[in-house]
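Here the structure is laid out as structure tokens; the discussion comes afterwards.
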Amino acid sequence: MGNTAETTVSGLLALPVKGFMDDGEAERLYETALLAAEIGPCLEIGSYCGKSTLFLGTACRENGAVLFSIDHHRGNEEQQPGEAYHDPELVCPVTGLMDTFRFFRKTLSLADLDDTVIPLVCKSALAAKSWTTPLGLVFIDGGHTFSAATTDYVNWSGFVKAGGYLVIHDIFFDPDEGGQAPRHVYELAKASGLWDELPMTKTLGILRRKGGVQAG
Numbered sequence: 000m001g002n003t004a005e006t007t008v009s010g011l012l013a014l015p016v017k018g019f020m021d022d023g024e025a026e027r028l029y030e031t032a033l034l035a036a037e038i039g040p041c042l043e044i045g046s047y048c049g050k051s052t053l054f055l056g057t058a059c060r061e062n063g064a065v066l067f068s069i070d071h072h073r074g075n076e077e078q079q080p081g082e083a084y085h086d087p088e089l090v091c092p093v094t095g096l097m098d099t100f101r102f103f104r105k106t107l108s109l110a111d112l113d114d115t116v117i118p119l120v121c122k123s124a125l126a127a128k129s130w131t132t133p134l135g136l137v138f139i140d141g142g143h144t145f146s147a148a149t150t151d152y153v154n155w156s157g158f159v160k161a162g163g164y165l166v167i168h169d170i171f172f173d174p175d176e177g178g179q180a181p182r183h184v185y186e187l188a189k190a191s192g193l194w195d196e197l198p199m200t201k202t203l204g205i206l207r208r209k210g211g212v213q214a215g
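Its first residue numbered 0, the sequence shown is counted upward by one per residue in numbering that gives the first Met the number 0.
As structure tokens, this is what we get:
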């Protein structure tokens, strides 16, 4: 990255935002979104408290694009009470349910992204029912069951324009290191013949849609 990009990423990493993304993965996500935002709007599935949104949204803002951010904000299966990634601070004191949307909105304000990020507070399958907009990037980081991850891939990958990017988080090639649903989706995409495989950054897989770049 250039000095300006490094400064931007360093500033975003310093913000107090909850999330599970490695710093190197965050930098790569930002770099990829900078390219993707020249092709079309970007979309993320699974924003949690907005860690990935920081990097995707900032890249979109710098290119005059928008980021659609889909999350029901009730937490995925790994974030419920009693599970490994549960955070009691994220439980709504009124409903007793997980509610990350309050924290997500705070993240947007911290990073001045209110005029760039369009939150869709619903399940990704519901949003897909009426979706028609071609995209420069789709980032899959929602539910980590085989069913949820595969559904996200099937519903959304077809909206990526030629030259655009499909990005998948939490890909582990050793089952002892993590769940295999994201890897399954990554392998499905590669086997389709529609994507060029780019170098991974830790658990972040990046594929580029074949067919050349379609701007706008």
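Note that the Cβ used here is the ideal one computed from N, Cα and C, for glycine as well.
- Remark: C-beta atoms of alanine 25 and leucine 12 approach each other more closely than 8 Å.
- Judged by DSSP in its simplified three-state form, leucine 12 adopts helix.
- CA-to-CA, the gap between isoleucine 139 and leucine 42 works out to about 9 Å.
- Between the alpha carbons of glycine 135 and valine 65 lies a gap of roughly 10 Å.
- Beta-bridge partners of cysteine 41 (DSSP): Leu66 and Leu136.
- Histidine 183 places its beta carbon 8 Å or farther from that of threonine 131.
- Under the 10 Å beta carbon count, aspartate 114 is surrounded by fewer than 16 other beta carbons and is classified as exposed.
- Judged by DSSP secondary structure, aspartate 195 falls within the beta strand (DSSP E) whose first and last residues are 194 to 200.
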